[in-house]
Amino acid sequence: MTPAAMSFDGRAVVIGGGMAGLMTALALAPMPVLVLARAPLGQEASSAWAQGGLAAAVGADDSPALHAADTLAAGDGLCDAAAVDRITAAAPQAIAGLARLGVRFDRGPDGAFSLGLEAAHGRHRIVHASGDGTGREIMRALDAAAARTRSIDILTGFEVRRLIVADGGIAGVVAAGPTGALTIPTGRVVIATGGIGGLFRDSTNPAGSFGQGLALALRAGAAIADPEFVQFHPTAFDGPERPMSLVSEAVRGEGAILIDETGRRFMAGMDGAELAPRDVVARAVWRHLAAGHKVFLDARERPGARFAARFPAITAICRRAGIDPALQPIPIRPAEHYHMGGIAVDAGGRSTVGGLWAVGEAAATGLHGANRLASNSLTEAAVGAGAVAASLAASPAACRPLKPAALPPAPDRAPSARSCRAPPECCATAPDWKARSPTSRRSPPATAQRPIRRWSD
Numbered sequence: 355m356t357p358a359a360m361s362f363d364g365r366a367v368v369i370g371g372g373m374a375g376l377m378t379a380l381a382l383a384p385m386p387v388l389v390l391a392r393a394p395l396g397q398e399a400s401s402a403w404a405q406g407g408l409a410a411a412v413g414a415d416d417s418p419a420l421h422a423a424d425t426l427a428a429g430d431g432l433c434d435a436a437a438v439d440r441i442t443a444a445a446p447q448a449i450a451g452l453a454r455l456g457v458r459f460d461r462g463p464d465g466a467f468s469l470g471l472e473a474a475h476g477r478h479r480i481v482h483a484s485g486d487g488t489g490r491e492i493m494r495a496l497d498a499a500a501a502r503t504r505s506i507d508i509l510t511g512f513e514v515r516r517l518i519v520a521d522g523g524i525a526g527v528v529a530a531g532p533t534g535a536l537t538i539p540t541g542r543v544v545i546a547t548g549g550i551g552g553l554f555r556d557s558t559n560p561a562g563s564f565g566q567g568l569a570l571a572l573r574a575g576a577a578i579a580d581p582e583f584v585q586f587h588p589t590a591f592d593g594p595e596r597p598m599s600l601v602s603e604a605v606r607g608e609g610a611i612l613i614d615e616t617g618r619r620f621m622a623g624m625d626g627a628e629l630a631p632r633d634v635v636a637r638a639v640w641r642h643l644a645a646g647h648k649v650f651l652d653a654r655e656r657p658g659a660r661f662a663a664r665f666p667a668i669t670a671i672c673r674r675a676g677i678d679p680a681l682q683p684i685p686i687r688p689a690e691h692y693h694m695g696g697i698a699v700d701a702g703g704r705s706t707v708g709g710l711w712a713v714g715e716a717a718a719t720g721l722h723g724a725n726r727l728a729s730n731s732l733t734e735a736a737v738g739a740g741a742v743a744a745s746l747a748a749s750p751a752a753c754r755p756l757k758p759a760a761l762p763p764a765p766d767r768a769p770s771a772r773s774c775r776a777p778p779e780c781c782a783t784a785p786d787w788k789a790r791s792p793t794s795r796r797s798p799p800a801t802a803q804r805p806i807r808r809w810s811d
């Protein structure tokens, strides 16, 4: 049985298999949910690459009000204050929820969270896992939790091409894949497709992040908010590989400094120095590079010999390039990292189109303003998933799905290069949809014609 022949009619559809998408599907249980991801879970999800952690006021000297104040300051006066208060207040419970799902956060001997410090935070409030492998550990736990949840079906290898709209609301989803097209009548869709980093030469995002969710929503008539606010991380590893590897802000939180080829610490006299907001540090690094200098992150003194234990993933990145970060400076430069803009949503993740929600980096909640505070992205995804699930569950008839016969024919091929308006360099790096194979996370396919094992089988 092919995917097109199987019935997913009427169930909620989550587009995207990263942290935001999987947490939304898990929060909706036991409501039946179909998760559509064009690649195996985590392979094209920025959340799996996250190093730093999640920001939350869980320390004895901290509070949601202090977290909110730091968020507002970093956002350069353009945050939605109500969204900031709501999300920072909910952050500690979101951390607890992830722990219940099986995320193994780093803890001290007393069982309390090991809290890191990052730029523009006034307190140690970064909850992390596996040192600098937080995203990978979260995705491991969410993947396992989704596999245990009978209400969730996950179909990979299909890319959503269009949202069907009728009478001002969502009526279906059209997806394309190597075995054909899949048309799903539904009145409830959640976009969790991540950011836009694939549009940039220098980016820390997976190559498949081209803003597909924003394009789907815009074509369906949804409002987009703050698309001009794109964050460049100041310390991406300056090497030939693309996408670029991130050197987490947490390294500077542990005491590393920025120097140039002469050994001069060029940010020492600036307010906040290396721990100023990301946009401030990124501009300073860029100006120094533009003046003809090279820029390095110097961790030789701090964290020094502790580097490998605290940052195993970054250590591996450096060693592949022949650098020992405890003994040698790390070459860095700014790279596109996060899109603060996205699909305009309310507190429940609802867009301006009936039956359409958005969560994670694809959504513009107002939390980040013009510049995201470090480690607020995973926090926003965790909190937002619960809010979207509650909103969606309370709106089962927000938009009634069309009858299958009323749906337009699904495309049987991807758009041709001739009809694509993307720049040529995007086509050179975009994954080939024809090379993908649909797979299911339920169990190995019984035959080539049966890519999904349904829980009812």
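So this note's numbering is basically just the index in the sequence shown, starting at one, shifted up by 354. In this text, a Cβ means the ideal position worked out from N, Cα and C, and glycines have one as well. The structure displayed is predicted, hence computed values, not measured ones.
Would residue i and residue j qualify as a contact pair, given that the criterion is a beta-carbon distance under 9 Å?
{"i": "His722", "j": "Ser557", "result": "no"}
{"i": "Gly738", "j": "Val713", "result": "yes"}
{"i": "Ser401", "j": "Gly489", "result": "yes"}
{"i": "Gly552", "j": "Ala546", "result": "no"}
{"i": "Ala728", "j": "Glu603", "result": "yes"}
{"i": "Ala667", "j": "Gln405", "result": "yes"}
{"i": "Thr669", "j": "Ala675", "result": "no"}
{"i": "Leu710", "j": "Leu517", "result": "yes"}
{"i": "Ala747", "j": "Met493", "result": "no"}
{"i": "Pro588", "j": "Arg632", "result": "yes"}
{"i": "Phe467", "j": "Val457", "result": "no"}
{"i": "Arg683", "j": "Phe650", "result": "In the sequence as displayed, the identity of residue 683 is Pro instead of Arg. Taking 9 Å as the Cβ cut-off, Pro683 and Phe650 qualify as a contacting pair."}
{"i": "Leu380", "j": "Leu455", "result": "yes"}
In the DSSP assignment, find the unbroken beta strand (DSSP E) run with residue i in it and report its ends.
{"i": "His587", "result": "584-591"}
{"i": "Val649", "result": "649-652"}
{"i": "His691", "result": "684-693"}
{"i": "Ala525", "result": "523-531"}
{"i": "Ile671", "result": "No beta strand (DSSP E) contains Ile671, which is instead part of the alpha helix (DSSP H) from 666-674."}
{"i": "Glu655", "result": "Premise fails: Glu655 is in no beta strand (DSSP E) and is neither H nor E."}
{"i": "Val543", "result": "543-545"}
What's the gap between the Cα of residue i and the Cα of residue j?
{"i": "Asp363", "j": "Ile677", "result": "53 Å"}
{"i": "Ala501", "j": "Met621", "result": "48 Å"}
{"i": "Thr630", "j": "Leu496", "result": "It is worth fixing the name first, because residue 630 is Ala in this sequence and not Thr. Roughly 33 Å between the two C-alpha positions."}
{"i": "Arg573", "j": "Gly626", "result": "42 Å"}
{"i": "Ala436", "j": "Ala717", "result": "16 Å"}
{"i": "Gly370", "j": "Ala391", "result": "5 Å"}
{"i": "Gly462", "j": "Ile449", "result": "16 Å"}
{"i": "Glu472", "j": "Val519", "result": "43 Å"}
{"i": "Ala423", "j": "Asp700", "result": "21 Å"}
{"i": "Lys788", "j": "Asn559", "result": "Interpretation of Lys788 is limited by its pLDDT of 32, a score under 50 that renders its predicted location unreliable; the figure taken from the coordinates is listed afterwards. Taking the straight line joining both Cα atoms gives about 22 Å."}
{"i": "Gly372", "j": "Leu509", "result": "13 Å"}
{"i": "Ser361", "j": "Ile524", "result": "18 Å"}
{"i": "Gly541", "j": "Val367", "result": "9 Å"}
{"i": "Pro679", "j": "Arg673", "result": "8 Å"}
{"i": "Ser749", "j": "His421", "result": "32 Å"}
{"i": "Asp592", "j": "Gly703", "result": "36 Å"}
{"i": "Val412", "j": "Arg726", "result": "20 Å"}
{"i": "Thr533", "j": "Val543", "result": "23 Å"}
So is residue i buried or exposed if we call it buried at 16+ other beta carbons inside 10 Å?
{"i": "Glu513", "result": "buried"}
{"i": "Pro594", "result": "exposed"}
{"i": "Leu452", "result": "buried"}
{"i": "Ser307", "result": "The chain is shown from 355 up to 811; residue 307 falls before or after that span and cannot be answered."}
{"i": "Leu681", "result": "exposed"}
{"i": "Met624", "result": "exposed"}
{"i": "Thr378", "result": "buried"}
{"i": "Gly511", "result": "buried"}
{"i": "Glu715", "result": "buried"}
{"i": "Gly487", "result": "buried"}
{"i": "Glu582", "result": "exposed"}
{"i": "Glu608", "result": "buried"}
{"i": "Thr719", "result": "buried"}
{"i": "Arg555", "result": "exposed"}
{"i": "Ala530", "result": "buried"}
{"i": "Glu615", "result": "exposed"}
{"i": "Ala414", "result": "exposed"}
{"i": "Gln585", "result": "buried"}
By DSSP, does residue i sit in helix, in strand, or in coil?
{"i": "Ala771", "result": "Low confidence applies here, because Ala771 scores a pLDDT of 31, under 50, leaving its location unreliable; read the following figure in that light. It is coil, neither helix nor strand."}
{"i": "Pro418", "result": "helix"}
{"i": "Ile550", "result": "coil"}
{"i": "Val368", "result": "strand"}
{"i": "Gly738", "result": "helix"}
{"i": "Thr706", "result": "coil"}
{"i": "Ser505", "result": "coil"}
{"i": "Arg596", "result": "coil"}
{"i": "Phe467", "result": "strand"}
{"i": "Arg618", "result": "coil"}
Taking 8 Å as the cut-off, is the C-beta of residue i nearer than that to any heavy atom in the ligand ZN?
{"i": "Asp460", "result": "Questions concerning the ligand ZN fall outside what the structure shown contains, since it holds no ligand whatsoever."}
Mind checking which residues open and close the alpha helix (DSSP H) that includes residue i?
{"i": "Arg440", "result": "435-454"}
{"i": "Asp633", "result": "632-644"}
{"i": "Arg573", "result": "566-573"}
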